[in-house]
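Trainee:
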Amino acid sequence: MKVLKFGGTSVGSAERMHALAGLINDGAPKIVVLSAMSGTTNALVEISDALHAGQKEKAELLISTLEEKYREVAAGLYGTENARNKARELILTHFKLLRSLAAGAFTAKEERVVLAQGELLSTALFYFCLEEKNIDSALLPALNFMRTDSKEEPDMEYIGAHAAAELAKRPGKTLFITQGYICRNAAGEIDNLKRGGSDYSATILGAAISAEEIQIWTDIDGMHNNDPRVVEKTLPIAELSFDEAAELAYFGAKILHPTCILPAQMRNIPVRLLNTMQPSAKGTLITEKSTGDSIKAVAAKDGITAIKIKSGRMLLAYGFLRAVFEIFERYKTPIDMITTSEVAVSLTIDNTGSLDAIVSELKEFCAVEVDAGLSIVCVVGSLTAEKEGYALKIFEALRNIPIRMISYGGSENNVSVLVDAERKKEALIALNKGLF
Ligand code: ASP
Ligand code: MG
Numbered sequence: 013m014k015v016l017k018f019g020g021t022s023v024g025s026a027e028r029m030h031a032l033a034g035l036i037n038d039g040a041p042k043i044v045v046l047s048a049m050s051g052t053t054n055a056l057v058e059i060s061d062a063l064h065a066g067q068k069e070k071a072e073l074l075i076s077t078l079e080e081k082y083r084e085v086a087a088g089l090y091g092t093e094n095a096r097n098k099a100r101e102l103i104l105t106h107f108k109l110l111r112s113l114a115a116g117a118f119t120a121k122e123e124r125v126v127l128a129q130g131e132l133l134s135t136a137l138f139y140f141c142l143e144e145k146n147i148d149s150a151l152l153p154a155l156n157f158m159r160t161d162s163k164e165e166p167d168m169e170y171i172g173a174h175a176a177a178e179l180a181k182r183p184g185k186t187l188f189i190t191q192g193y194i195c196r197n198a199a200g201e202i203d204n205l206k207r208g209g210s211d212y213s214a215t216i217l218g219a220a221i222s223a224e225e226i227q228i229w230t231d232i233d234g235m236h237n238n239d240p241r242v243v244e245k246t247l248p249i250a251e252l253s254f255d256e257a258a259e260l261a262y263f264g265a266k267i268l269h270p271t272c273i274l275p276a277q278m279r280n281i282p283v284r285l286l287n288t289m290q291p292s293a294k295g296t297l298i299t300e301k302s303t304g305d306s307i308k309a310v311a312a313k314d315g316i317t318a319i320k321i322k323s324g325r326m327l328l329a330y331g332f333l334r335a336v337f338e339i340f341e342r343y344k345t346p347i348d349m350i351t352t353s354e355v356a357v358s359l360t361i362d363n364t365g366s367l368d369a370i371v372s373e374l375k376e377f378c379a380v381e382v383d384a385g386l387s388i389v390c391v392v393g394s395l396t397a398e399k400e401g402y403a404l405k406i407f408e409a410l411r412n413i414p415i416r417m418i419s420y421g422g423s424e425n426n427v428s429v430l431v432d433a434e435r436k437k438e439a440l441i442a443l444n445k446g447l448f
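The opening residue of the sequence shown carries number 13 in the working numbering; numbering runs sequentially from there.
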């Protein structure tokens with residue numbers, strides 16, 4: 013069994029849904045994980061925001077606009093009156109639910125139900141589309157097996173057992189359609205895996221049922237060795253290790269959800285990134301094995317803030333770093349990069365929600381400087397410490413760019429440098445020239 017995930021644009025219009033039906037109809041057993049149609053989750057977030065703000069009329073208008081869009085899609089998607097009627101009925105049910113949620117008291121719990129409607133709609137509409145084409149398939153309700161535990165981590169054992177039970181309920185079927193993104197939480201309530209979480213759904217499910225392979229289908233031919241939005245002539249990377257892919261996803265490669273590699277890596281299931289617009293292209297294969305010493309890719313992460321912390325007492329002192337880290341922990345603020353000298357530590361964060369509180373606590377025992385508007389540029393590959401020359405190559409390429417921080421040696425897969433956001437583009441281009 014393979015697990016294939018398709019994003020919002022792959023189900024974003026009638027044409028794309030028809031193309032998708034053709035693409036997956038090859039007889040091989042598979043579970044197809046779908047996102048909401050493109051734009052839908054954003055619209056549902058907007059509806060929720062309006063309701064949180066008590067703007068019922070605005071929410072009502074947004075709901076009607078979204079419903080109209082679905083009616084139009086359904087009108088163009090099907091050839092038979094039977095399928096159109098089923099779709100109409102489905103859309104009616106989901107929008108009735110949205111309106112009833114909008115009418116009552118609106119809390120985080122209702123919001124999560126609102127956000128779940130996109131994937132429920134896209135999968136059912138696509139299922140009707142397959143039915144109409146006489147492509148035999150079954151709809152698997154993700155809410156019956158996707159579940160997170162009390163730490164908001166996927167409950168792999170539960171998911172494995174319940175997904176297997178759902179599959180067993182449908183003997184003779186080989187093609188299954190299910191929802192990405194949505195799940196139940198430890199309390200059994202409808203919840204989600206956060207924005208972009210459909211990739212994560214696919215790798216969690218693939219790992220939980222020990223799939224033969226997990227495929228993430230997008231509109232680009234795999235992970236590229238640099239940011240195609242910034243640099244011309246980037247190239248797809250044929251093979252990556254799990255560690256390399258995770259570093260790239262975390263540091264800005266938008267093609268993959270940052271934590272989605274982990275489940276596949278834990279169960280050692282290959283992940284293939286493929287392109288719906290070019291289905292025969294090789295894409296990127298992500299496996300356990302590393303393909304030898306080399307620099308594979310460059311990525312960047314924007315919106316970085318650096319915090320320089322200096323304590324007179326750090327000299328020969330211990331416990332200083334613990335005191336610093338504890339503050340970040342208390343404010344649930346992850347640290348991306350860190351460098352230390354004998355008397356100071358510099359670190360970076362991208363979530364500045366608690367910055368003021370963190371800084372004021374730090375100031376109780378050290379001098380603090382904050383610098384915003386920075387970018388982390390990160391070079392990823394298998395950069396084994398025994399091999400000479402990587403650092404030289406990287407810094408030679410960056411020779412004209414002021415570097416605020418350097419982090420190397422944290423893992424064998426990454427060298428990160430911190431630069432002013434305005435110099436990011438230049439840094440990516442320079443590295444492209446110097447490294448590939
Ligand atoms: N529909 C969700 C979102 O837009 C999940 C996903 O597409 O991966 O974030
Ligand atoms: Mg995505």
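Cβ coordinates follow ideal geometry from the N, Cα and C atoms, glycine included.
Please state whether DSSP places I347 in a helix, a strand or coil.
Mentor: Against the sequence shown, residue 347 aligns to sequence position 335. Correct three-state label for I347: coil.
Trainee: Is the distance from the Cβ of A312 to the Cβ of S387 below 8 Å?
Mentor: Working through the sequence shown from its first residue, we reach residue 312 at position 300. Working through the sequence shown from its first residue, we reach residue 387 at position 375. A contact, by the Cβ cut-off of 8 Å.
Trainee: Rounded to the nearest angstrom, how far is the Cβ of S60 from that of E123, given a contact under 8 Å?
Mentor: As a working mapping, residue 60 is identified with position 48 in the sequence shown. As a working mapping, residue 123 is identified with position 111 in the sequence shown. The C-beta distance from S60 to E123 rounds to 4 Å, short enough to meet the 8 Å contact threshold.
Trainee: For the candidate residues A33, H236 and G51, whose alpha-carbon lies nearest to that of L187?
Mentor: Counting from one through the sequence shown, the residue named residue 187 turns up at place 175. Among A33, H236 and G51, the Cα nearest to that of L187 is on A33.
Trainee: If you count every other CB in all the chains shown that lies within 10 Å of the CB of E259, and 16 or more means buried, which is it?
Mentor: Position 247 of the sequence shown, counted from the first residue, corresponds to residue 259. It counts as buried.
Trainee: Determine which residues share a DSSP beta bridge with G389 and list them.
Mentor: Counting from 1 along the sequence shown, the entry for residue 389 is found at position 377. Residue 389 is actually Val in this sequence, not Gly. Partner(s): A312 and V429.
Trainee: Starting from the C-beta of D255, find all residues in its chain whose C-beta is less than 6 Å away, skip the five residues before and the five after it, and write them out in chain order.
Mentor: Sequence index remark: in the sequence shown, residue 255 carries index 243 (1-based). The beta carbon of D255 lies closer than 6 Å to those of N425 in the same chain, with the five residues before and after it left out.
Trainee: Can you determine whether any heavy atom of the ligand ASP sits closer than 7 Å to the C-beta of G24, and answer yes or no?
Mentor: Working through the sequence shown from its first residue, we reach residue 24 at position 12. Not under cutoff, so the answer is no.
Trainee: Using only CA atoms, which one of A175, D211 and Y170 lies nearest to N197?
Mentor: Position 185 of the sequence shown, counted from the start, is the residue given in the question as residue 197. Measuring from the Cα of N197, the nearest candidate turns out to be Y170.
Trainee: Does the beta-carbon of P275 have 16 or more other beta-carbons within 10 angstroms, so that it is buried, or is it exposed?
Mentor: For this step, residue 275 is matched to residue 263 along the sequence shown. Buried, by the Cβ-count rule.
Trainee: Return the Cβ separation of R279 and A219 in integer angstroms, given the expectation that the two are a contact with Cβ distance under 8 Å.
Mentor: Sequence index remark: in the sequence shown, residue 279 carries index 267 (1-based). Sequence index remark: in the sequence shown, residue 219 carries index 207 (1-based). That pair is a contact at about 4 Å.
Trainee: Assign K308 to one of two classes, buried (16 or more other C-beta atoms within 10 Å of its C-beta) or exposed (fewer than that).
Mentor: To locate residue 308, count along the sequence shown from 1; it is residue 296. K308 is buried by the Cβ-count criterion.
Trainee: When we look at the beta-carbon of R289 and count the other beta-carbons within 10 Å, is it buried (16 or more) or exposed?
Mentor: Looking up residue 289 in the sequence shown gives position 277. In the sequence as displayed, the identity of residue 289 is Met instead of Arg. Its Cβ having fewer than 16 others within 10 Å, M289 is exposed.
Trainee: Can you check the segment 93-181 for any alpha helix (DSSP H) of at least 4 residues that lies completely inside it and give the ranges in chain order?
Mentor: 93-115, 120-144 and 168-180
Trainee: Terminal residues of the continuous beta strand (DSSP E) containing I228?
Mentor: Working through the sequence shown from its first residue, we reach residue 228 at position 216. Here the beta strand (DSSP E) through I228 covers E225 to T230.
Trainee: In three-state terms, what does DSSP make of N412?
Mentor: The residue you call residue 412 lines up with position 400 of the sequence shown. N412 falls in the coil class under three-state DSSP.
Trainee: Could you name the residues of the same chain whose beta carbon sits closer than 8 Å to that of L133, not counting the 5 residues immediately before and after it, in chain order?
Mentor: Along the sequence shown, read from residue 1 onward, the residue named residue 133 stands at position 121. Hits under 8 Å: A48, M49, T52, Y82, L102, I103 and H106.
Trainee: If we call anything under 8 Å between Cβ atoms a contact, is D377 one with S323?
Mentor: Locating residue 377 in the sequence shown gives position 365, counting from the first residue. Locating residue 323 in the sequence shown gives position 311, counting from the first residue. Sequence check: residue 377 is Phe here, not Asp. Judged by their CB atoms, F377 and S323 are nearer to each other than the 8 Å cut-off.
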